[in-house]
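Please read the structure below before turning to the comments.
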Amino acid sequence: MKKLITVLFLVASMVVFFSVSAFAEGYTVGMVVKNVGNPFMDAAGRGGEEACGELGNSFIFQGPATPTVEGQIEIIENLIAQKVDAICITANDFDALVPVLQKAKGNNIKVVSFDSAVAPGGRHVHVNQADAELIGKLQVQAIAEMIGYEGEIAILSAGATMTNQNTWIEYMKEELKDPKYEKIELVTIVYGDDLRDKSYNEAMGLFKSYPNLKGIISPTTVGLSATAKAITDAGLVGKVKLTGLGLPSEMAEWVHNGACEAFFLWNPIDLGYLASYVAGLLCDGTITGEVGEEFSAGRMGDYTIVEAEDGGTEVLLGPPFRFDASNIDEWKDIY
Amino acid sequence: MKYRNSLSNRKLNIVFKWEWLLVILIIGISIVNGRLSPHFWSYTGIMDSLAVFLEKGFMVLSMTLVLIIGDIDISVASIVALSSVLMAMSYKLGLPMAVAILVALATGAGCGYLNGLLISLVPGLSAIIVTLAGSSIYRGIAYILLGDQAIGGFPSWYSYLAWGYVGKTNIPFVMVVFVGCAIIYGLLLHRTAWGRKVYAMGINPVAARFSGVPIAQMKQIIFTLNGLMAGIAAIFLTSKLGSSRPNIATGYELEVIAIAVLGGVSPSGGKGGIVGVCLALILMRLLRYGMGLVNVPGQVMMVIIGIVLVGVVMLPNIFSSRGGKRRTKEIQ
Amino acid sequence: MMDEPAKTKREVTFSRLLGFRELGIIIFIVLISVLIGIRNPRFLTWSNFHDILIDTAALSVLSVGMMLVLVTGGIDLSMESVLALTGMVAGMMVKQNPQLSPLFMLILGLLLGGLLGSITGLIVAKGRVVPIIATLSMMYIYRGITFIISGGKWINAYEMPDSFKGIATERFLGLSKLIYIVLVVYVVFYYFVNYTHTGRKIYAVGSNVEAARVIGINTEFITWLVYAISGALSGLAGVMWVARYASAQNDTASGFVMTIVAACVLGGVSITGGVGTVSGVLLGSITVGIINNALPMIRVSPFWKMALQGLIILVAAIVNIAIARNMEKSQLKRRTI
Amino acid sequence: MGFLEVDSVVDREDRYILELKGISKFFPGLKALDRVDFNLRAGEIHAIVGENGAGKSTLIKIITGVYQPDEGDIFYEGNTVIFHNPTVANRYQIAAVYQQPASFPHLTVTENIFLGHPIIHPTTKKLMWKEMKEEAKRLLRSLGSDINPSVTMSSLSVAQQQIVEIAKALSVNARILIMDEPTASLTRRETEDLYNIARKLRNDGVSIILISHLFEDVYEIADRVTVLRDGKSMGTWNVNEIDEKDLIKAMVGREISQLFPKNKVSFGKELLRVEGLSRLGYFSDISFSLRAGEIVGFSGLVGSGRTEVAQSIFGIAPVDAGKILVEGKEVSIKNPMEAISYGIGYLPEDRLEQGLFLLLSINDNITISIIDQLTNRGWLNPPREHEISNKMLELLQIKAPGIFHPVSSLSGGNQQKVVVAKLLAARPKILIMDEPTKGVDVGAKAAIHQIMSDLVAEGLGIIMISSEMPEILGMSDNIIVMHEGRITGVFSRSEATQEKLMEAAVKVDRLTQVVS
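Going down the list, the protein sequences come from chains H, C, B and F.
Per the numbering used here, the very first residue in the first sequence carries number 1; after that it's consecutive.
Per the numbering used here, the very first residue in the second sequence carries number 1; after that it's consecutive.
Per the numbering used here, the very first residue in the third sequence carries number 1; after that it's consecutive.
Per the numbering used here, the very first residue in the fourth sequence carries number 1; after that it's consecutive.
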């Protein structure tokens with residue numbers, strides 16, 4: 001019996017220790033990210049908390065330990081049981097969250113997706129970081145400039161199943177059809193699964209399989225920095241150019257040593273702020289998520305809800321930001 | 001249970017007590033959860049939270065058998081993925097959904113059969129190696145087939161499987177199916193001659209062979225069953241997700257094994273029962289649910305689950321006397 | 001079993017069989033290298049071989065630790081989390097104190113990893129928890145602690161001093177320093193396993209626990225020791241890993257433990273205990289390295305990779321058994337008069 | 001091994017190298033040893049006999065430091081000592097050779113000999129393999145064996161492993177050598193060799209404690225004998241002062257009437273016929289037949305293929321050629337399940353490993369082979385099972401509190417009987433018994449022989465494999481001798497003699513052959 005009491009005591013004390021009560025006036029907004037322990041997601045969380053603070057809402061930040069859709073479903077179920085008023089989510093899968101989010105909507109919970117969208121049926125509105133077409137275009141333009149509009153390029157993506165990655169890659173291919181890129185050849189697309197060792201190996205493999213490779217686009221944070229490291233280690237700085245989407249904190253080193261002259265990203269803090277702000281406005285009925293509605297989002301200014309390509313509605317954050325040697329040091333400590 | 005009595009002995013007594021330990025832990029955790037979160041004591045909340053976990057439950061049931069015969073299967077999560085992908089593809093190819101569901105079951109059973117075939121056909125090839133390779137191969141095939149695509153758009157009735165409730169009650173449909181499966185497995189393991197042979201195999205495989213227990217055939221059946229249950233899990237998981245992808249159910253295998261062990265099943269074979277693993281399933285779920293309600297971050301949750309797992313498994317070892325162990329040896 | 005003692009001429013069947021087993025994997029390596037070399041000649045260059053060795057460095061260090069645990073009949077799933085936690089601590093330390101010497105960091109990795117492994121070892125040896133469950137729990141726990149101490153933040157390249165990153169990038173006599181670390185580890189463990197009493201005791205425990213106890217081997221200590229060693233080597237590999245990729249994350253090496261087990265299995269280590277050689281594990285790790293390195297080079301579709309890797313493990317395991325069986329059969333044939 | 005200082009005969013009589021006084025050992029619910037006294041002179045062979053469960057193993061484990069006594073004192077050359085663990089006992093030059101060689105199958109012979117006390121370079125602490133191998137070779141040669149010290153233990157025969165175990169004991173310069181049932185798995189010839197080794201060691205001044213069931217061993221080589229019963233010492237005698245009958249009385253507390261109660265039974269129809277059975281590497285061209293009411297004895301050296309033939313008939317290992325006919329019909333037996341369905345039962349030699357489920361209850365053990373027939377369309381039918389188990393308990397006089405107790409709670413002899421009960425519950429027509437009385441004390445031995453006699457009287461046929469010559473001669477109607485996988489002699493009960501069997505069994509003695 002003694003051992004049982006010990007166990008119970010241990011369990012109880014642990015649970016008490018980790019419980020953080022989130023009772024406040026106003027609405028409760030739950031933010032579900034792809035996984036916790038990811039700086040990009042944490043930055044979005046900071047923005048979300050800021051917006052909730054301004055609106056007088058309380059904020060819950062949650063994410064599974066690993067980026068799986070099953071983990072996100074479990075969290076959403078828990079949020080439904082906690083009777084939150086809104087959920088902001090960056091989805092690990094475009095389709096697979098729809099059923100559980102429909103259940104949430106059925107419980108009168110407003111759903112805002114951001115960063116990585118869920119299908120229209122599972123959301124009220126999507127906060128889009130940037131136009132997918134623009135993201136694709138910018139990266140192709142950047143790499144073309146770097147290599148002088150001539151030579152072989154490759155793409156190092158994250159998972160083969162990630163929707164946003166694939167959409168961007170489609171737009172890159174689209175952009176490359178433009179006659180001004182006719183001397184550029186996209187030789188392959190490889191996948192690093194957002195694992196550092198695997199991305200690094202894939203990059204190294206690219207150098208060996210394609211000795212004439214001139215440039216790499218890596219539209220994923222882990223892939224971009226692992227490739228930069230690989231270029232540096234292989235002694236190819238200046239010979240193989242690199243651009244893509246990445247975090248300034250991770251890329252500072254590689255911008256300075258020239259492995260990556262420039263890359264892009266939007267501000268995740270702003271993204272989280274806007275998503276959380278939109279969620280607040282949906283809760284108090286200011287907006288309903290219909291096309292054409294206009295609203296003002298605190299420090300971010302005015303926005304209009306537009307129709308999204310996937311058939312739902314979305315709010316567009318703005319064009320992605322270009323980081324290079326001139327501005328990287330301002331940002332590297334922020335996110 | 002009458003059979004328990006005929007199994008009465010010191011070691012199995014521990015198992016019996018083990019189940020009571022789990023019951024007490026479940027009550028304790030419920031009380032703590034209730035105090036911490038005002039949302040915990042909600043009938044729908046608890047029901048739904050249990051339901052969300054049940055596709056793993058299906059896998060735990062058959063994994064219990066695999067562990068009792070002293071083997072292990074780490075390919076189940078991959079079998080779930082492959083079954084789901086094949087089911088979705090055959091639906092997309094124009095087969096009726098009901099047939100597609102059969103495809104999932106057949107795929108699961110087929111993969112399990114293949115595991116069992118290799119293990120029983122090639123002596124010296126251990127289950128851990130076969131299923132380790134299998135876990136890459138099966139998911140790999142799912143990737144080859146579907147690549148970066150996802151398949152969705154199933155008929156609307158299909159989502160009822162994971163999301164629907166029985167009639168006007170608040171009982172999730174999946175729970176009814178699970179309870180049915182659990183009863184079948186409980187009867188199979190504890191009330192049939194076949195179940196007796198399963199334990200015999202786990203306790204002493206050589207003696208079992210000499211006693212006329214068809215070892216190879218039993219292994220074949222058990223691994224096939226394990227694959228079949230993964231197929232069932234795939235049907236419910238796909239229904240829950242509304243779509244299929246090659247990367248679903250990642251990491252399920254370790255969780256399933258952990259729940260079975262928490263339920264009193266010994267990975268070295270011969271011990272454990274269905275009641276225990278069902279209780280462990282509830283315990284694990286309530287623990288996670290409670291922590292989820294107070295928004296413990298996922299990574300911290302892993303620490304706590306790890307501590308509970310190792311703590312609960314270690315408890316009887318710490319308190320059981322050394323002499324007792326030696327005595328069994330001595331008498332031999 | 002023993003590498004060294006069995007190496008005299010006029011050898012007996014069983015040790016010849018083992019020699020043959022390692023020959024088998026060497027033939028496999030040569031065969032696969034030639035095949036890949038035909039498709040991409042750059043595979044067979046010295047610089048690529050050097051790259052493979054660097055890529056395999058962390059894996060080969062980890063495999064030695066895993067081998068010792070497997071030899072006792074256990075398994076250590078927590079290695080990847082120990083690696084991540086140690087790597088994170090190392091990253092945080094060099095971020096705060098860039099002046100720390102790389103050698104000190106490597107030693108720190110060994111010690112911290114050893115400490116974490118000791119805890120796991122205690123749970124297995126004293127708490128008598130089945131290894132797979134004990135190490136699975138510790139895998140969860142250490143991974144979670146990594147998250148808690150880092151607050152979910154990553155340590156990035158610019159926050160690490162060049163000297164630290166130099167562990168992986170600097171060369172000495174044309175070879176990467178990582179390769180020297182691996183060499184040291186292998187020489188030490190080759191000696192430890194074959195020429196020290198404690199090293200042989202590990203095999204005794206894996207071969208027959210009861211008999212080991214009877215001849216006075218402290219089996220609990222040996223069990224504890226192998227987990228402490230596998231922890232220490234995971235810690236060392238953690239520092240090597242973080243230095244190499246110039247990034248410490250809390251999901252570092254997540255899922256890597258299966259690769260370690262695969263390397264051991266390919267290297268002829270028996271999952272049931274008692275069997276495994278240091279040289280075999282090295283070859284096993286290199287084989288895994290070659291497969292990882294070669295698949296991107298011969299432009300295999302990414303979707304095929306996973307299935308191929310699984311198939312290679314399965315085939316290697318079956319071939320191993322088939323060779324053993326064949327030897328046994330020819331032995332039987334000779335016996336019949 | 002002359003480590004003993006030269007003592008006068010008088011000194012040797014009075015001074016004991018090892019003395020145990022009032023030793024008790026308790027296990028939960030069991031008093032394994034109850035104030036046992038035991039002493040050992042320098043240079044003597046001292047036998048300890050007793051039924052299974054009498055406490056012999058416990059006593060040995062206390063002497064070797066595996067267990068610590070709960071009461072009592074141990075004196076080594078007159079000084080009190082405490083053996084905390086086997087290493088301490090080793091330091092006092094005490095070594096043991098166990099019945100089941102407690103070896104490391106994956107390791108080499110050299111390692112098996114030296115792992116407990118390797119030769120280590122004094123400064124570098126490096127293991128000196130070359131020296132150890134040389135020493136191992138020397139030790140093995142001194143025992144008349146040329147086993148290669150570099151082969152793995154698993155590649156040796158049981159007899160060879162036993163020799164390695166003795167070499168291991170010698171390597172620590174043992175002054176006290178414990179031999180636990182050393183001859184149980186050996187054939188006559190191997191046993192002879194072992195006796196010679198033991199005598200030689202004694203003459204070199206080593207004290208030997210011999211545990212044995214076989215009175216032959218005791219009378220052949222022992223100087224004194226101590227009898228244990230139910231954890232108590234019944235006394236110590238000089239071997240030439242006590243005869244077999246009194247020894248048995250001391251052991252079992254009663255007189256055993258008859259050891260080989262074989263009654264003449266008239267043979268019935270042919271139950272089993274084997275023609276030209278061969279299995280690559282194990283046996284070839286085996287033919288014989290078994291009639292109802294007949295006991296066919298299989299004699300020969302361990303490793304001569306007797307067990308393999310039996311196991312192939314039982315479907316455990318596949319055969320490469322030959323026919324098996326059951327009651328005149330040719331059958332193909334691929335696994336034990338089929339064998340059981342043809343009415344064949346097999347009592348394995350290694351009961352613990354191959355016959356028992358220690359964690360299961362007596363009932364579950366007895367019914368496991370026939371569980372399918374006892375069910376109600378697959379569902380367990382406890383009353384029917386219990387009926388059969390209780391009947392078996394009564395028939396074989398198994399001493400157990402009830403059928404629901406685990407087999408692990410029974411004494412060794414009763415565990416053996418449970419295996420027999422399991423066998424008989426399947427109602428076989430053909431019984432194969434591999435070393436039916438191995439490791440069994442006299443009392444249980446007689447009981448088992450009686451059961452065998454009763455069974456053949458009921459019309460069963462029995463194939464009995466035995467290494468014990470008196471058992472073969474006493475129980476068999478016909479005797480088949482095997483050597484290196486072939487039948488080398490067939491004798492009827494009347495014409496068989498110990499000498500004839502031996503001649504057939506040992507064509508060329510290859511006791512110490514190297515496997516390569």
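Where a beta carbon is used, it is the ideal one built from N, C-alpha and C, also for glycine.
Within chain B, the residues whose beta carbon sits less than 8 Å from that of R196 of chain H are Y245, S247, Q249 and T252, listed in sequence order. Going by DSSP, H106 of chain F is part of no beta strand (DSSP E) at all; its letter is neither H nor E. Per the Cβ contact rule, the stretch 448-462 of chain F is not in contact with the stretch 481-494 of chain F (fewer than 3 Cβ pairs under 8 Å). Under DSSP, T313 of chain H forms a beta bridge with H:E307. If you keep only unbroken alpha helix (DSSP H) runs of at least 4 residues inside the stretch 190-248 of chain B, you get 197-207, 209-214 and 219-245. Against S234 of chain B, chain C offers no close residue; the least beta-carbon distance is about 17 Å (beta-carbon pairs closer than 9 Å). Interface flag for H197 of chain B against chain F is set, since a Cβ pair is found closer than 7 Å.
DSSP places K198 of chain H in the uninterrupted alpha helix (DSSP H) bounded by R196 to S209. Residue range W129 to S142 is occupied by the alpha helix (DSSP H) that includes S142 of chain F, with no beta strand (DSSP E) assigned at that position. DSSP places K245 of chain F in the helix class (H, G or I) of the three-state scheme. Nearest CB-CB separation between N97 of chain B and chain H: not below the 7 Å threshold. Of the residues F:G43, F:R15 and F:P428, the one whose Cα lies closest to the Cα of K200 of chain F is F:G43. By the beta-carbon neighbour count (other beta carbons within 10 angstroms, threshold 16), E170 of chain H is exposed. Inclusion of G315 of chain F and G276 of chain F in the CB contact set at 7 Å is not warranted, their separation being larger than that value. In the same chain as Y143 of chain C, and ignoring 5 residues on each side of it, the C-beta atoms closer than 7 Å to its own belong to P246, in chain order. At least one C-beta of chain B is nearer than 7 Å to the C-beta of Q299 of chain C. Closer than 7 Å to the CB of E74 of chain H there is at least one CB belonging to chain C.
Comparing alpha carbon positions, the residue from C:V312, C:M302 and C:T44 closest to K168 of chain C is C:T44. For secondary structure counted as the beta strand (DSSP E) over 3 or more consecutive residues, the stretch 32-57 of chain B holds no complete run. DSSP places D37 of chain F within a strand segment (E or B) once states are collapsed to three.
Contact between A117 of chain H and V111 of chain H fails: their C-beta atoms lie close to 11 Å from each other, not under 8 Å. Rounded to the nearest angstrom, the Cβ distance from P348 of chain F to D434 of chain F is 6 Å, consistent with a contact under 8 Å. Taking one beta carbon from each stretch, the stretch 181-198 of chain H and the stretch 244-260 of chain H have fewer than 3 pairs nearer than 8 Å; the two do not touch.
Relative to C283 of chain H, the option among H:E50, H:N57, H:P39 and H:R46 whose CA is nearest is H:N57.
Distances from the alpha-carbon of A237 of chain B to those of B:V61, B:I75 and B:V205 put B:V61 closest. Beta-bridge analysis with DSSP links F323 of chain H to H:F263. Linking Y273 of chain H to V71 of chain B through their CA atoms gives a straight-line distance of about 54 Å. In this model, A98 of chain C and L195 of chain H are separated by some 38 Å (Cα to Cα).
With a contact defined as Cβ atoms closer than 8 Å, G91 of chain B and I155 of chain B qualify at about 3 Å. When Cβ-Cβ separations below 7 Å define contact, A204 of chain B makes contact with chain F. Between the stretch 55-68 of chain C and the stretch 273-286 of chain C, the count of Cβ pairs shorter than 8 Å is three or higher; the stretches touch. For H449 of chain F, the secondary structure class from DSSP, reduced to helix, strand or coil, is helix.
Annotation note: the stretch 135-185 of chain C contains the following uninterrupted alpha helix (DSSP H) runs of length 4 or greater, listed N- to C-terminal: 160-163.
Q299, V300, M302, V303, I305, G306 and I307: these are the residues of the stretch 284-308 of chain C whose beta carbon lies less than 7 Å from some beta carbon of chain B, given in chain order.
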